[in-house]
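Notes follow the structure.
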Amino acid sequence: MEELHAWRSRHHNFKIELLKLSKKIEETENTSDILFYQEICEKYAYHLKKIESACYDKVGVTICGCNFNPEHCTD
2 MEELHAWRSR HHNFKIELLK LSKKIEETEN TSDILFYQEI CEKYAYHLKK IESACYDKVG
62 VTICGCNFNP EHCTD
């Protein structure tokens, strides 16, 4: 269970950082800044997928931010 909690915490933290970067992308008008933020977002997304995959392989569950509401879940 400790490992699952660690995955969930890291997953949550990465999602928060992605939201912050999304806000920066929305607010900036500098094209090079937008590209830089997008590259960082891609790295966070890669790590999110790795966490989700490891969790699924280990315990057979998927981590998502949908609060168990199927309308908000996407693959």
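For the sequence shown, our numbering begins at 2 and goes up steadily by one.
Ideal placement from N, C-alpha and C gives every residue a C-beta, glycine not left out.
The structure presented is a predicted model; accordingly, all values stated were derived computationally and were not measured.
| Item | Value |
| --- | --- |
| Let's see if you can read the secondary structure: which residues bound the alpha helix (DSSP H) around residue 14? | 3-28 |
| Measure how close the beta-carbons of residue 20 and residue 45 come, nearest whole angstrom, since I'm counting them as under 8 Å. | Going by Cβ atoms, the distance from residue 20 to residue 45 rounds to 10 Å, so no, they are not a contact pair. |
| Under 8 Å between the Cβ atoms of residue 35 and residue 26? | yes |
| Within 10 angstroms of its Cβ, does residue 47 collect 16 or more other Cβ (buried), or is it exposed? | exposed |
| Here's the rule: buried if 16 or more other CB atoms are within 10 angstroms of the residue's CB, otherwise exposed. What is residue 38? | buried |
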